[in-house]
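Written out below as structure tokens is the structure these notes cover.
Number of protein chains: 2
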Amino acid sequence: MKIIIVGATGTIGKVVAAELGKRHEIIGVSAHNSPVKVDITSAASIAAMFKAVGPFDALVSASGGGYWGSFEKMTEEDFYLGIKSKMMGQINLVLEGRKYIRPNGSFTLTTGILAEDPVKDSCNLAVVNAAVNAFAVSAAMELGNGVRINAVSPGVVEDSREKFGPIFPGHVPVSMERVVAGFVKSVEGMVTGQVIKVY
Amino acid sequence: MKIIIVGATGTIGKVVAAELGKRHEIIGVSAHNSPVKVDITSAASIAAMFKAVGPFDALVSASGGGYWGSFEKMTEEDFYLGIKSKMMGQINLVLEGRKYIRPNGSFTLTTGILAEDPVKDSCNLAVVNAAVNAFAVSAAMELGNGVRINAVSPGVVEDSREKFGPIFPGHVPVSMERVVAGFVKSVEGMVTGQVIKVY
């Protein structure tokens with residue numbers, strides 16, 4: 001398969017790219033460090049990326065961020081950081097990518113445990129993760145042409161334990177092996193409309 | 001209690017206003033048919049509404065819409081209809097309203113069964129409903145001052161059976177009495193951070 005990995009240089013993206021790369025052709029795209037670049041907060045940049053890459057069989061997005069910080073001071077503008085990036089960035093990858101995806105292809109988006117188990121300062125990311133989960137469930141029914149879509153929702157990954165452990169009190173880190181397996185299940189398996197929870 | 005009901009003239013809002021009005025002071029606001037008006041897609045309009053109404057004990061939002069239609073033709077712009085209205089409209093009611101709400105007050109937002117049980121053409125509303133559910137769960141931890149927040153998520157209401165029944169195949173309509181009870185539980189009860197599912 002020809003697989004686009006968006007966020008191919010990130011903590012999760014690079015490991016997923018390495019695993020899927022054993023068996024498939026990988027087109028890694030990221031904001032800065034790839035031959036084909038993409039800024040997922042821009043629909044025009046997403047359109048240009050797909051035009052450059054052409055038809056493909058699977059897309060994995062391990063990309064997108066949001067506002068992390070004080071709830072008390074959070075403004076509408078802060079909230080739109082996550083809407084434009086992790087939420088609409090990933091949704092736009094599907095809305096535009098469906099024009100190029102081959103029949104029986106698949107989209108795999110990334111969310112996270114905050115969708116249902118938020119922590120302090122995570123409100124914006126909790127919301128956009130839940131939004132993308134619901135998008136995967138709902139879009140799966142309507143994509144057509146045998147195209148599948150799932151969201152992988154990881155907990156705190158062991159590789160990020162030092163960075164995220166203290167701000168996710170009581171969250172039990174999950175192995176990167178399990179996270180990668182979630183992506184493999186979505187791309188190489190048959191499931192669709194699933195939130196693949198890795199926690 | 002002094003209770004603001006946003007969307008006080010809608011199918012659900014008017015019944016909730018009638019029930020809560022038996023025991024509380026109701027300030028009904030809507031886009032057109034109320035002394036104090038509000039356009040929830042505008043943060044400035046929301047700010048003006050709260051300024052006009054002043055301190056309050058509870059806010060019930062039974063307002064907000066989104067894009068309903070062809071998934072195949074759905075654009076980013078269509079998707080923002082729901083983001084700006086039912087999602088950020090309701091979230092902005094909380095972000096701005098927390099400046100005016102009295103200690104131990106409550107916010108009650110409205111979502112719907114599509115968040116987890118979508119139907120054809122409902123993708124945008126499925127997503128924004130799920131987003132608002134996650135907001136209620138997450139914001140409840142951080143509001144402070146004893147302020148509570150919940151989302152009421154109704155199924156198809158019997159009163160709308162004629163309109164929605166055919167486009168929600170296999171959904172079992174719920175009584176308006178049960179829906180109103182969900183709002184009463186949120187406003188007069190003690191729960192917080194809950195998605196009160198009425199289906």
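Protein sequences, first through last, are from chains A and B.
Residue numbering for the first sequence follows our numbering, starting at 1 and increasing by one per position.
Residue numbering for the second sequence follows our numbering, starting at 1 and increasing by one per position.
Where a beta carbon is used, it is the ideal one built from N, C-alpha and C, also for glycine.
Every value quoted in this text rests on a predicted model; they were computed, and no experiment measured them.
What does residue i pair with, by DSSP beta-bridge criteria?
{"i": "T108 of chain A", "result": "A:V60, A:N150"}
{"i": "V6 of chain A", "result": "A:V29, A:S61"}
{"i": "Q194 of chain A", "result": "A:N150"}
{"i": "V157 of chain A", "result": "A:V174"}
{"i": "I101 of chain A", "result": "A:F56"}
Give me the Cβ distance between residue i and residue j, rounded to the nearest whole Å; I'm assuming they're in contact under 8 Å.
{"i": "V128 of chain B", "j": "K185 of chain B", "result": "Contact doesn't hold; Cβ gap of about 23 Å is too wide."}
{"i": "K197 of chain A", "j": "S153 of chain A", "result": "5 Å"}
{"i": "V53 of chain B", "j": "I113 of chain B", "result": "So it is not a contact: roughly 31 Å between Cβ atoms."}
{"i": "V147 of chain B", "j": "G189 of chain B", "result": "Not a contact, Cβ separation roughly 14 Å."}
{"i": "G66 of chain A", "j": "L81 of chain A", "result": "5 Å"}
{"i": "V6 of chain B", "j": "V29 of chain B", "result": "5 Å"}
{"i": "V137 of chain A", "j": "V195 of chain A", "result": "7 Å"}
Per DSSP, what kind of secondary structure is residue i in: helix, strand or coil?
{"i": "G28 of chain B", "result": "strand"}
{"i": "V174 of chain A", "result": "strand"}
{"i": "V180 of chain A", "result": "helix"}
{"i": "I40 of chain A", "result": "coil"}
{"i": "V94 of chain A", "result": "helix"}
{"i": "V119 of chain B", "result": "coil"}
{"i": "Y80 of chain B", "result": "helix"}
{"i": "T11 of chain A", "result": "helix"}
{"i": "L125 of chain B", "result": "helix"}
{"i": "N145 of chain A", "result": "coil"}
{"i": "M88 of chain B", "result": "helix"}
{"i": "S34 of chain B", "result": "coil"}
{"i": "E162 of chain B", "result": "helix"}
{"i": "M203 of chain B", "result": "Here chain B has residues from 1 to 199 only, and residue 203 of chain B is not among them."}
{"i": "S70 of chain A", "result": "coil"}
{"i": "K185 of chain B", "result": "helix"}
{"i": "A134 of chain B", "result": "helix"}
{"i": "A140 of chain B", "result": "coil"}
Taking a contact to mean a Cβ-Cβ separation below 8 Å, would you say residue i touches residue j in this structure?
{"i": "C123 of chain B", "j": "F168 of chain B", "result": "no"}
{"i": "P118 of chain A", "j": "A126 of chain A", "result": "yes"}
{"i": "G182 of chain A", "j": "H171 of chain A", "result": "no"}
{"i": "V180 of chain A", "j": "E25 of chain A", "result": "no"}
{"i": "L241 of chain B", "j": "A151 of chain B", "result": "An answer regarding residue 241 of chain B cannot be provided, because it is not within the stretch 1 to 199 covered by chain B."}
{"i": "E162 of chain B", "j": "M176 of chain B", "result": "no"}
{"i": "T75 of chain A", "j": "A140 of chain A", "result": "no"}
{"i": "F135 of chain B", "j": "I91 of chain B", "result": "yes"}
{"i": "I40 of chain A", "j": "I83 of chain B", "result": "no"}
{"i": "V38 of chain B", "j": "A31 of chain B", "result": "yes"}
{"i": "N145 of chain A", "j": "P103 of chain A", "result": "yes"}
{"i": "I46 of chain B", "j": "F107 of chain B", "result": "no"}
{"i": "A8 of chain B", "j": "S34 of chain B", "result": "yes"}
{"i": "F164 of chain A", "j": "M88 of chain B", "result": "no"}
For residue i, decide whether its Cβ has a neighbour in chain D, counting only Cβ atoms nearer than 8 Å.
{"i": "P103 of chain A", "result": "Although the question refers to chain D, the structure presented lacks it and instead comprises the protein chains A and B."}
Count Cβ pairs between the segment 59-70 of chain B and the segment 11-26 of chain B that sit closer than 8 Å; are there 3 or more?
Of all C-beta pairs linking the segment 59-70 of chain B to the segment 11-26 of chain B, three or more are shorter than 8 Å, placing the two stretches in contact.
Pair every Cβ in the segment 33-52 of chain B with every Cβ in the segment 95-103 of chain B, then say whether three or more of these pairs are closer than 8 Å.
The segment 33-52 of chain B vs the segment 95-103 of chain B: in contact.
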